[in-house]
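Heads up: the structure comes next, in structure tokens.
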Amino acid sequence: MANLRGAPPIDMTPMVDLAFLLVTFFMLTATAIPDEPVTVDTPSSVSEIKIPETNVITITIGKDGKVFFNVDGQHTRADLLGRIGERYGIAFTPEETRTFAIMSSIGVPIGSLKQFLSLNPEQRKEIDQPGIPCDSAQNELGDWVLQTRLSNRNVRIAIKGDRDANYPVVKKVIDTMIDKKVNRFNLITNMEKGS
Amino acid sequence: MAELGGGGGGHKKKGGKVRSKKGSTRIDMTPMVDLAFLLLTFFVMTTTLNKPQTMEITMPEKPKPGDEMPEINEKNVMTLVLGEDDKIYWYMGITNPEVEVSNFSATGIRKILLSKKAEIPKLVVLIKAMDEAKYKNMVDIMDEMNISTMQRFALVDITPTDVELVKESQL
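Here the protein sequences line up with chains W and V, keeping their order. Note that the working numbering gives residue 23 to position 23 of the first sequence, counting from 1, and the numbers run on in steps of one. Take any residue in the second sequence, count from 1 to its spot, add 195: that is its number in the working numbering.
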């Protein structure tokens with residue numbers, strides 16, 4: 001008999017069960033951090049509202065004033081690409097739609113989107129995206145936002161700007177939103193570091 | 196363990212059936228459990244971190260032609276102009292304003308806002324950002340509005356007059 005002396009055996013099964021349950025839970029809820037085309041250093045604020053996790057359009061404004069667009073949800077994205085194609089008279093193949101559905105931020109004009117989608121993921125990461133045009137003459141950002149809202153009416157809009165982005169660019173983005181009758185949006189900020 | 200020896204099958208009287216010998220099925224689960232906890236720790240750590248804060252802002256709708264604009268007393272209007280190098284130019288009223296300069300420190304614009312707010316209950320703050328201003332300035336000033344619980348403020352376009360005023364002030 002092994003356990004005549006010393007600690008009595010403990011049944012570890014419940015603990016291990018619980019551990020695996022938690023592992024499964026965290027694995028399923030974890031979302032991979034999307035790879036951003038530019039690194040963005042967000043400004044800090046005292047606001048403590050958390051951003052919703054789903055149905056968010058993220059408009060990234062880089063330090064150099066480039067604008068990127070991202071929306072979550074594969075169905076929304078696939079539907080969105082169809083609508084954009086319809087609007088601009090570009091037919092996207094199912095292959096391209098699938099690529100678009102699973103990728104992250106885009107920052108190319110719609111005209112070169114087809115070519116951008118044909119690249120493989122590594123090439124896409126390396127390429128220097130010029131940003132989405134949002135001038136009043138050719139406002140593609142407005143179309144992206146509008147068509148996303150048509151695909152998924154629950155989306156909220158978050159603007160993630162770099163702290164050193166110039167105000168005129170931010171103003172252009174905000175004006176685009178107002179133009180598309182989006183009057184409420186979120187600015188993504190950091191926690192205030194004790195001032 | 197006691198049952199390891201098991202005893203050969205047919206000794207128990209159950210209709211004379213021969214039972215197969217039960218081998219030991221105990222596996223050392225320690226490595227698996229170790230891995231489970233390692234993963235658990237990893238996921239716990241990565242999920243609780245990095246959840247960005249957000250600041251909610253509501254912009255006014257574009258005025259349609261024929262909409263009546265609310266009229267406000269110019270004495271209640273405070274204008275903040277965000278300039279370059281994190282400067283804030285501010286003035287009260289509209290006619291012959293005296294432009295002063297301030298900054299984003301706790302003793303800068305926050306103090307001014309709080310004192311003006313105590314002085315004028317119906318204060319309306321107009322925030323105008325010059326082209327040289329950074330996005331950070333805009334977020335910071337909105338933050339100051341939150342901190343000083345300003346009720347009425349608006350982000351409006353800069354006018355050439357404001358630029359002129361700032362230039363003249365030479366601050």
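Ideal Cβ placement from N, Cα and C applies to all residues, glycine included.
| Query | Result |
| --- | --- |
| Proximity winner among V/338, V/295 and V/247, relative to residue 301 of chain V (alpha-carbon distances) | V/338 |
| Sequence-distant residues of the same chain with beta carbon closer than 6 Å to residue 358 of chain V, five excluded per side | none |
| Where the alpha helix (DSSP H) containing residue 145 of chain W begins and where it ends | 140 to 151 |
| Residue range of the beta strand (DSSP E) that includes residue 118 of chain W | Taken as a continuous stretch (DSSP letters only), residue 118 of chain W belongs to no beta strand (DSSP E), being part of the alpha helix (DSSP H) at 113 to 118. |
| Collapsed DSSP secondary structure at residue 161 of chain W in the structure displayed | strand |
| Chain W within 8 Å of residue 349 of chain V, Cβ atoms only | no |
| Any chain V beta carbon closer than 8 Å to residue 164 of chain W | yes |
| Own chain partners of residue 187 of chain W with C-beta closer than 6 Å, once the 5 adjacent residues on each side are dropped | 159 |
| Within chain V, the residues that residue 191 of chain W reaches when beta carbons sit closer than 8 Å | 248 |
| Extent of the continuous alpha helix (DSSP H) to which residue 69 of chain W belongs | Looking at the DSSP string, residue 69 of chain W is not in any alpha helix (DSSP H); the run it does join, the beta strand (DSSP E), is 67 to 71. |
| Per-residue burial, residue 259 of chain V [other beta carbons within 10 Å of its own, 16 or more giving buried] | exposed |
| Burial state of residue 105 of chain W (16 or more Cβ within 10 Å) | buried |
| Inter-residue Cα distance where the pair is residue 200 of chain V and residue 219 of chain V | With a pLDDT of only 41 at residue 200 of chain V, under 50, the local geometry of the prediction cannot be trusted, and the value read off the model is given with reservation. Cα to Cα, the separation comes out at about 10 Å. |
| Contact set between the segment 323 to 338 of chain V and chain W, restricted to residues whose Cβ is under 9 Å from the partner | 324, 325, 326, 327, 328, 329, 330, 331, 332, 333, 334, 335, 337 and 338 |
| Distance, residue 145 of chain W Cα to residue 134 of chain W Cα | 11 Å |
| Residue nearest to residue 273 of chain V in terms of C-alpha spacing, selected from V/253, V/235, V/223 and V/308 | V/308 |
| Closest Cα partner of residue 179 of chain W within the set V/255, V/315 and V/226 | V/255 |
| Rounded straight-line distance, which links the Cα of residue 55 of chain W to that of residue 197 of chain V | The predicted model places residue 197 of chain V with a pLDDT of 43, which falls under 50 and marks its position as unreliable, so this point remains unresolved. |
| Residue environment, residue 119 of chain W, which counts as buried when at least 16 other CB atoms sit within 10 Å | exposed |
| Chain-order list of residues whose beta-carbon lies under 6 Å from that of residue 294 of chain V (same chain, five-residue window excluded) | 284, 286, 360 and 364 |
| Residue 234 of chain V: contacting residues in chain W (beta-carbon distance under 7 Å) | 23 |
| Host beta strand (DSSP E) of residue 300 of chain V (start-end) | No beta strand (DSSP E) holds residue 300 of chain V; DSSP gives it neither H nor E. |
| Inside the segment 58 to 107 of chain W only - alpha helix (DSSP H) runs reaching at least 4 residues | 74 to 88 and 94 to 102 |
| Straight-line gap, residue 61 of chain W to residue 18 of chain W (C-alpha atoms, nearest Å) | 43 Å |
| Contacts of residue 341 of chain V in chain C (Cβ-Cβ under 8 Å) | Reference to chain C is not applicable here, since the protein chains of this structure are W and V. |
| Separation of residue 326 of chain V from residue 265 of chain V, as counted between CA atoms | 27 Å |
| Range of the contiguous beta strand (DSSP E) that encloses residue 221 of chain V | Unbroken run through residue 221 of chain V: none, as it is neither H nor E. |
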